[in-house]
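Undergrad: Numbering (this note's numbering), first residue to last: 2 to 466.
Idealized CB from N, CA, C, for every residue including glycine.
Bear in mind the structure is a predicted one, so any value in this text is a computation, not a measurement.
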Ligand code: DUC
Ligand code: ZN
Ligand code: ZN
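1. Looking at residue 188 and residue 474, is the spacing between their C-beta atoms short of 7 Å?
2. Around the Cβ of residue 403, are there at least 16 other Cβ atoms within 10 angstroms (buried) or fewer (exposed)?
3. When we look at the beta-carbon of residue 45 and count the other beta-carbons within 10 Å, is it buried (16 or more) or exposed?
4. State the CB to CB distance for the pair residue 366 and residue 51, rounded to an integer number of angstroms; the pair is presumed to be in contact (CB under 8 Å).
5. Are the Cβ atoms of residue 139 and residue 103 separated by less than 7 Å?
6. Any heavy atom of ligand 1 closer than 6 Å to the beta-carbon of residue 292?
7. Per DSSP, what kind of secondary structure is residue 177 in: helix, strand or coil?
8. If you follow the beta strand (DSSP E) that residue 122 is part of, which residue opens it and which one closes it?
9. Mind checking whether residue 454 and residue 118 have CB atoms under 7 Å apart?
10. Does the distance from the C-beta atom of residue 241 to that of residue 183 stay below 7 Å?
11. Please name the residue, chosen from 82, 53 and 341, that lies closest to residue 322 on a Cα-to-Cα basis.
12. Using 7 Å as the threshold, is the C-beta distance between residue 17 and residue 416 below it?
13. Quick one: measure Cβ to Cβ for residue 467 and residue 337, integer angstroms, because I've assumed they're closer than 8 Å.
14. Confirm, please, whether the CB-CB distance from residue 215 to residue 290 is below 7 Å.
15. Could you tell me which of 255, 254, 296 and 252 sits nearest to residue 273, measuring between CA atoms?
16. What's the gap between the Cα of residue 123 and the Cα of residue 133?
17. When the distance is taken between beta carbons, is residue 452 closer than 7 Å to residue 116?
18. Please check the pair residue 270 and residue 181, which I expect to be a contact at CB under 8 Å, by giving their CB distance rounded to whole angstroms.
19. Given 6 Å as the limit, tell me if residue 321 has its C-beta closer than that to any heavy atom belonging to ligand 3.
20. By alpha-carbon positions, which one of 460, 22, 6 and 342 ends up nearest to residue 32?
21. Starting from residue 61, trace the beta strand (DSSP E) both ways and give me its first and last residue.
22. Can we count residue 125 as close to ligand 2, meaning its CB is less than 6 Å from some heavy atom?
23. Exposed or buried, what is residue 399 when buried is set at 16 or more other beta-carbons lying within 10 Å of its beta-carbon?
24. Under a Cβ-count criterion, where at least 16 other Cβ atoms within 10 Å of its own Cβ denotes burial, should residue 466 be classed as buried or exposed?
25. Cα-Cα, which of 396, 146 and 422 is closest to residue 88?
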């Protein structure tokens with residue numbers, strides 16, 4: 002790959018890259034002569050483009066079973082869409098529910114994804130019912146299946162919810178093993194009261210999804226999770242889909258006390274708002290129902306989250322990709338905010354949507370690479386991903402910083418009949434994508450094949466040990 006600007010989290014260099022098979026074998030600055038290709042080499046010309054590591058989306062839900070429906074992207078369609086957007090690794094979830102067997106839940110999710118993905122993939126383990134056996138089984142997943150992370154819920158009482166005692170026991174296990182505890186931090190008991198009261202008062206419009214999940218209840222849960230992590234012996238803690246200034250302040254406070262806490266945000270919390278999106282009413286507003294919810298534009302959430310990304314208060318941008326088609330799925334249970342399946346589809350546009358922060362001057366291109374690829378790879382035990390470096394997997398994206406496009410459901414590759422980002426003008430765009438040395442996307446054309454993606458055995462977090 003020649004003539005590009007190689008950008009890693011720690012800097013940039015005008016350099017050429019040589020790839021042999023699945024790996025990057027050398028990076029030669031053009032000041033040192035660059036690489037002179039042999040006549041039978043395949044050459045990708047990256048003139049005028051950035052050459053960056055393939056994106057790592059550490060939080061997605063392909064074909065998620067909600068009990069009554071399945072999120073609309075399969076592992077195949079969702080990973081094809083991800084590849085088009087410059088993401089070459091996803092991490093999805095196996096889900097154990099209360100009373101259920103962790104190892105069985107993991108095996109069955111592994112089977113669902115096997116043979117489908119076009120890019121490399123891993124799984125976190127959700128614990129929807131923390132009990133003694135679940136914790137014993139989860140510990141064994143590290144060696145057995147290469148799973149170094151779990152997910153716990155402080156929301157959804159009666160479904161996936163863990164009480165404080167369950168959280169503490171799970172966090173003690175994480176402190177002991179080094180496993181990363183991903184936590185959905187919202188006070189679910191209080192939220193359920195607000196939802197009940199809103200419905201009783203006839204407040205069913207989409208905006209009440211946000212009004213019944215106030216940022217104070219996100220912040221409170223972040224605070225509690227951080228305290229429990231410290232009491233557990235400083236368990237590695239990762240707050241998922243952080244959406245508000247209030248919650249961010251709690252992360253900063255906990256980090257200043259030396260807590261092992263990291264947080265991700267998602268493109269929807271950087272670009273969308275309660276008023277402009279949920280506020281559209283039915284049916285469009287349903288498209289923006291996700292949890293944590295979109296926040297008001299009259300506070301400083303967007304600006305604070307961009308600043309949090311800039312100064313490393315926020316470590317990662319993931320999508321929480323969880324698409325549901327508008328009429329057949331989002332509105333299938335009727336027009337009341339509390340019966341709409343939660344989720345936004347965005348796996349295809351994460352790199353572009355975060356790059357808009359580079360265009361606007363909120364973050365550097367190096368930081369864009371770090372939050373979209375390097376940090377999630379290091380936090381989730383993937384040392385072979387997330388950087389352009391000799392010996393690492395040749396997951397490489399040629400990104401044109403001057404390309405122009407408009408996001409639209411009519412041109413995206415997700416199996417989704419709408420886009421939460423419809424009509425957004427994007428500066429920058431993916432030109433070519435390599436996954437372990439294979440060109441899988443070139444100028445909008447998909448060249449990969451289902452099943453070529455590999456299951457990634459992961460280690461515990463490199464940020465901790
Ligand atoms: N939390 C997630 O992380 N994903 C989908 C829905 C939710 O509440
Ligand atoms: Zn969640
Ligand atoms: Zn999620």
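TA: With the given structure in hand:
1. The question about residue 474 has no answer, for the chain in this structure spans 2 to 466.
2. Sixteen is the threshold: since fewer than 16 other Cβ atoms of the shown chains lie within 10 Å of the Cβ of residue 403, the residue is exposed.
3. If you draw a 10 Å sphere on the C-beta of residue 45, you find 16 or more other C-beta atoms in it, and that means buried.
4. Confirmed, Cβ separation roughly 7 Å.
5. Cβ atoms of residue 139 and residue 103: closer than 7 Å.
6. Yes; taking the cut-off as 6 Å, the Cβ of residue 292 has a heavy atom of ligand 1 nearer than that.
7. When DSSP states are grouped into helix, strand and coil, residue 177 belongs to the helix group.
8. That run of the beta strand (DSSP E) goes 121-129.
9. Yes; because the gap between Cβ atoms is below 7 Å, this pair is in contact.
10. Yes, the Cβ-Cβ distance between residue 241 and residue 183 is below 7 Å.
11. It is 82 whose Cα lies nearest to the Cα of residue 322.
12. Not a contact, by the Cβ cut-off of 7 Å.
13. The shown model of the chain, from 2 to 466, leaves out residue 467, and the question about it has no answer.
14. In this structure, residue 290 lies away from residue 215, with their beta-carbon atoms at least 7 Å apart.
15. Nearest option by C-alpha distance: 296.
16. Just so you know, the alpha carbons of residue 123 and residue 133 end up roughly 25 Å apart.
17. Note that the C-beta distance between residue 116 and residue 452 is below 7 Å.
18. Not really, about 21 Å apart at Cβ, beyond 8 Å.
19. Answer for residue 321: yes, Cβ within range of ligand 3.
20. Nearest C-alpha to residue 32 among 460, 22, 6 and 342: 6.
21. Note, residue 61: premise wrong, no beta strand (DSSP E); not H, not E.
22. Not one heavy atom of ligand 2 is found less than 6 Å from the C-beta of residue 125.
23. Only buried fits residue 399, as 16 or more other CB atoms lie within 10 angstroms of its CB.
24. Any reading at residue 466 must be qualified, since the residue scores a pLDDT of 42, below 50, and its modelled position is unreliable; the value itself is stated next. With fewer than 16 Cβ atoms within 10 Å of its Cβ, residue 466 is classed as exposed.
25. If we check each option's Cα against that of residue 88, 396 comes out closest.
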